[in-house]
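Okay, structure coming up:
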């Protein structure tokens, strides 16, 4: 129960900060804010690594899927964990939505097509999964910022958190991106995470 609560809180916090970031003064500030919260959440999640497996599964549904596929997290918890993350993210989105005009103007960005959102998010999710496994090993949590910066450089700013399926749905809940494109991005992130897990398992099997 404690694990699910932490997962929900981290998802809510990430979503809320990401939504606030889209009201920042400029795109660079927005990217840095999302990268910073990603690193912080990764650090917190890593502290929850125990005999049951890697705490990094608490970061996002994509991380949970990838780590489960390579045996670093028990499969029995995957569905409750993902549900908790999505619930937390949606609540975070509603919290941002409730602030309304008090957040100021949203940064101007265009929405990608479903094809672009799906393909680009999927490819970036593979890379993001490799970074995840590196951090699950001995790499520093700061490397968690790399996939976020890459996403901000390639996809429109509203989809900077697209590699976290729960958070992008939370951002859609906040009314910042279309739900249909967010769903495509979320699904692609999960597929990319699975591909990243399988390719990593082939190259360097996780014991």
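In the working numbering, the protein residues as written are 791 to 997.
Every residue gets a Cβ at the ideal spot worked out from N, C-alpha and C, and that includes glycine.
Quantities reported herein were computed from a predicted structural model and do not represent experimental measurements.
Margin query: If I follow the unbroken alpha helix (DSSP H) through residue 822, where does it start and stop?
Written below: Translated into the one-based positions of the chain shown, residue 822 becomes position 32. Here the alpha helix (DSSP H) through residue 822 covers 817–836.
Item checked: Contact with chain C by residue 816, beta-carbon distance below 8 Å -> No chain C appears in this structure, which consists of one protein chain only.
Note to self: I need the DSSP call for residue 840, collapsed to helix, strand or coil.
What the structure shows: Looking up residue 840 in the chain shown gives position 50. The answer is strand: DSSP assigns residue 840 an E or B state.
Notebook entry, point to check: Would you report the Cα separation of residue 956 and residue 965, rounded to the nearest angstrom?
Noted result: Start at 1 with the first residue of the chain shown, and residue 956 comes out as number 166. Start at 1 with the first residue of the chain shown, and residue 965 comes out as number 175. Residue 956 and residue 965: Cα-Cα distance of roughly 15 Å.
Next item on the list: For residue 903, count neighbouring C-beta atoms within 10 Å of its own C-beta (all shown protein chains included) and say buried if the count is 16 or more, exposed if not.
Entry: The sequence position of residue 903 within the chain shown is 113, counting from 1. That one is exposed.
Check: If residue 809 sits next to residue 935, beta carbons under 8 Å apart, how far is it from one beta carbon to the other, in whole angstroms?
Finding: Locating residue 809 in the chain shown gives position 19, where the first residue counts as 1. Locating residue 935 in the chain shown gives position 145, where the first residue counts as 1. Not really, about 19 Å apart at Cβ, beyond 8 Å.
Item checked: N-terminal and C-terminal residue of the alpha helix (DSSP H) that residue 937 is part of -> In the chain shown, the residue the question calls residue 937 occupies position 147. Element bounds for residue 937: 935–944.
Item checked: Residues near residue 881 in its chain [Cβ-Cβ closer than 7 Å; skip 5 each side] -> In the chain shown, counting from the first residue as 1, residue 881 sits at position 91. Correct list, in chain order: 802.
Note to self: Taking 8 Å as the threshold (C-beta atoms), are residue 950 and residue 963 in contact?
What the structure shows: The residue you call residue 963 lines up with position 173 of the chain shown. The residue you call residue 950 lines up with position 160 of the chain shown. Not closer than 8 Å, so no.
Notebook entry, point to check: How would you label residue 892, buried or exposed, when you count the other beta carbons within 10 angstroms and need 16 or more for buried?
Noted result: For the purposes of this step, residue 892 is taken as the residue at position 102 of the chain shown. Answer is exposed; the Cβ neighbour count stays below 16.
Item checked: Reduced DSSP secondary structure (H/G/I, E/B, other) of residue 892 -> The residue given as residue 892 occupies position 102 in the chain shown. Reduced to three states, the DSSP call for residue 892 is helix.
Checklist line | In DSSP terms, what residue 863 is bridged to | finding: As a first step, residue 863 must be located in the chain shown, where it is residue number 73. Paired residue(s): 843.
Notebook entry, point to check: Who are the Cβ neighbours of residue 899 in its own chain at under 6 Å, not counting the five residues just before and after it?
Noted result: In the chain shown, the residue the question calls residue 899 occupies position 109. So the list reads 946, 947, 948, once near-sequence residues are dropped.
Check: Can you give the beta carbon distance from residue 871 to residue 794, rounded, assuming they're within the 8 Å contact cut?
Finding: Your numbering for residue 871 matches position 81 in the chain shown. Your numbering for residue 794 matches position 4 in the chain shown. Residue 871 to residue 794, Cβ: 6 Å. Contact.
Item checked: Per-residue DSSP class, three states only, for residue 990 -> Taking the first residue of the chain shown as 1, we reach residue 990 at position 200. Residue state, collapsed to three classes: helix.
Check: How big is the Cα-Cα spacing for residue 796 and residue 897?
Finding: In the chain shown, residue 796 corresponds to position 6, counting from 1. In the chain shown, residue 897 corresponds to position 107, counting from 1. Spanning the two alpha carbons is a distance of roughly 30 Å.
Check: Going straight from the alpha carbon of residue 862 to that of residue 894, what length do you get?
Finding: Here the question's residue 862 lines up with position 72 in the chain shown. Here the question's residue 894 lines up with position 104 in the chain shown. About 42 Å.
Margin query: Does residue 904 come out as helix, strand or coil in the three-state DSSP assignment?
Written below: Mapped onto the chain shown, residue 904 falls at position 114. Note: residue 904 maps to helix in three-state DSSP.
Check: Who are the Cβ neighbours of residue 960 in its own chain at under 6 Å, not counting the five residues just before and after it?
Finding: If you number the chain shown from 1, residue 960 lands on position 170. Counting only Cβ-Cβ distances below 6 Å, and skipping sequence neighbours, we find 805, 879, 880, 882, 883.
Margin query: Quick check on residue 965: does DSSP put it in helix, strand or coil?
Written below: Taking the chain shown and counting its residues from 1, the one referred to as residue 965 is at position 175. Residue 965 falls in the coil class under three-state DSSP.
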